[in-house]
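Protein chains in written order, with our numbering: chain A, 33 to 186; chain B, 33 to 186.
Glycine residues also receive a C-beta, built at the ideal position from the N, C-alpha and C atoms.
For reference, the structure is listed below as structure tokens.
2 protein chains.
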Amino acid sequence: MVINIKLKSTSAERVASSLSGRGFKTTRQRDSIVRIFAAAGQHLSAEELYELVKKAEPGIGYATVYRTLRLLSESGLAHESRFEDGFTRYELSDSGSHHDHIICTGCGQIIEFENHEIEKIQQAIARKHHFLVTNHKHEIYGLCSSCQRKPQKE
Amino acid sequence: MVINIKLKSTSAERVASSLSGRGFKTTRQRDSIVRIFAAAGQHLSAEELYELVKKAEPGIGYATVYRTLRLLSESGLAHESRFEDGFTRYELSDSGSHHDHIICTGCGQIIEFENHEIEKIQQAIARKHHFLVTNHKHEIYGLCSSCQRKPQKE
DNA sequence: ACAGTAATTGAAAATGGTTATCAATATCAA
DNA sequence: TTGATATTGATAACCATTTTCAATTACTGT
Ligand SMILES: [Mn+2]
Ligand SMILES: [Mn+2]
Ligand SMILES: [Zn+2]
Ligand SMILES: [Zn+2]
């Protein structure tokens, strides 16, 4: 009888091993940042992540968080978005899956969507203009159901 | 016999009268900025417009160009976009017509497109998530036909 | 385990696009 | 023309992000 132990690697572990596989050094700071980033959910700004990491790693430097986020982004392990709130937000990239965003301008809530039909039309439009598409950004701004009920800032 | 003289008001004139109609004062600087903006074509950055205006109005201040662009934007007379080149770009708004953009990352060329089908799907997606859409941004990045042939920056 | 070397770190300064401040000047209604 | 108010230009401030640099740390080979 074979005991099948499934070793499910977490996002944090995948990212960490991917980094060391690319020749980057493993450091306590980097590990903390990646682990907390993976656990915290999506669309974090550098500042937000810095605040979270500081709890586990009080001496962490601001620059280190920025540097790590940029490193992840340039390595393709994270994806950055600039919505309309003034700073860059990051999310770990689920391999191969692209998605776009609906953003509530009332509470900041972000919903993700994928639509194959839109992507197809998009390709057709690009082709008509003889463009080779490398990436795109499709953001829908509005109010979520709960913010539609609340009074808006005057 | 009636001689029909068609008084076609230019974009610049429409914007200027719209501003004074809203109670803003008419100034030489504002007039120059609007006139040159209207004549220069689309998607200008504040810096680019400043450089153009300086030729006609050598004493113009940087802040005045920024202020006027913001004024136009807040009055709905201009529309601002933040593409991925780091600064805000403006274009005079053709009343009522929305469009999105295809941007060449090689040469900066910007092509505009409208697609009713995409807008419809977008609304359906928002409705499914109980969102009230206020605006959206759809940008396609890639290489134009001419930049596909040229060697890329390494 | 140890040394050598190159990468990484944290603090602080720098950067760069944009906005605020403020005294001087210009606009416009009365 | 006058006077209240808006606008201007120079400059400083703002603020997210990047750079700098000396000190520390991680890895490679021994
Ligand atoms: Mn997302
Ligand atoms: Mn446009
Ligand atoms: Zn909301
Ligand atoms: Zn091009």
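Residue i and residue j closer than 7 angstroms at C-beta
i	j	result
residue 85 (chain A)	residue 64 (chain A)	yes
residue 66 (chain B)	residue 48 (chain B)	yes
residue 111 (chain B)	residue 125 (chain B)	yes
residue 158 (chain B)	residue 172 (chain A)	yes
residue 98 (chain A)	residue 78 (chain A)	yes
residue 131 (chain B)	residue 151 (chain B)	no
residue 68 (chain B)	residue 149 (chain A)	no
residue 123 (chain A)	residue 74 (chain A)	yes
residue 62 (chain B)	residue 100 (chain B)	yes
residue 161 (chain B)	residue 170 (chain A)	no
Contact with chain B by residue i, beta-carbon distance below 7 angstroms
i	result
residue 177 (chain A)	yes
residue 166 (chain A)	yes
residue 171 (chain A)	yes
residue 143 (chain A)	yes
residue 50 (chain A)	no
residue 163 (chain A)	yes
residue 110 (chain A)	no
residue 88 (chain A)	no
residue 158 (chain A)	yes
residue 155 (chain A)	no
Residue i: CB within 6 angstroms of a non-hydrogen atom of ligand 4
i	result
residue 138 (chain B)	yes
residue 74 (chain B)	no
Expected contact under 8 angstroms - CB spacing of residue i and residue j to nearest Å
i	j	result
residue 102 (chain B)	residue 113 (chain B)	The pair is not a contact, with the Cβ atoms about 14 angstroms apart (cut-off 8 angstroms).
residue 134 (chain A)	residue 163 (chain B)	6 angstroms
residue 136 (chain B)	residue 174 (chain B)	7 angstroms
residue 138 (chain A)	residue 176 (chain A)	7 angstroms
residue 52 (chain B)	residue 58 (chain B)	5 angstroms
residue 155 (chain A)	residue 165 (chain A)	7 angstroms
Any chain A beta carbon closer than 7 angstroms to residue i
i	result
residue 174 (chain B)	yes
residue 151 (chain B)	no
residue 186 (chain B)	Its pLDDT being 41, under 50, residue 186 (chain B) is placed unreliably in this model, and the coordinates cannot settle the point.
residue 180 (chain B)	yes
residue 2 (chain B)	For residue 2 (chain B) there is no data in the structure shown, the boundaries of chain B being 33 and 186.
residue 43 (chain B)	no
Residue i CB to nearest heavy atom of ligand 1 below 6 angstroms
i	result
residue 123 (chain A)	yes
residue 144 (chain A)	yes
Closer than 6 angstroms: residue i CB and nearest ligand 3 heavy atom
i	result
residue 180 (chain A)	no
residue 176 (chain A)	yes
residue 141 (chain B)	no
### Query
Can you list the beta strand (DSSP E) stretches of 3 or more residues lying completely in the segment 115 to 150 of chain A, in chain order?
120 to 124, 132 to 136, 142 to 145
#### Entry: beta strand (DSSP E) runs contained entirely in the segment 53 to 116 of chain A, provided each spans 3 or more residues
110 to 114
### Task
Give, in chain order, every unbroken run of the beta strand (DSSP E) that is at least 3 residues long and sits entirely within the segment 146 to 182 of chain A.
164 to 175
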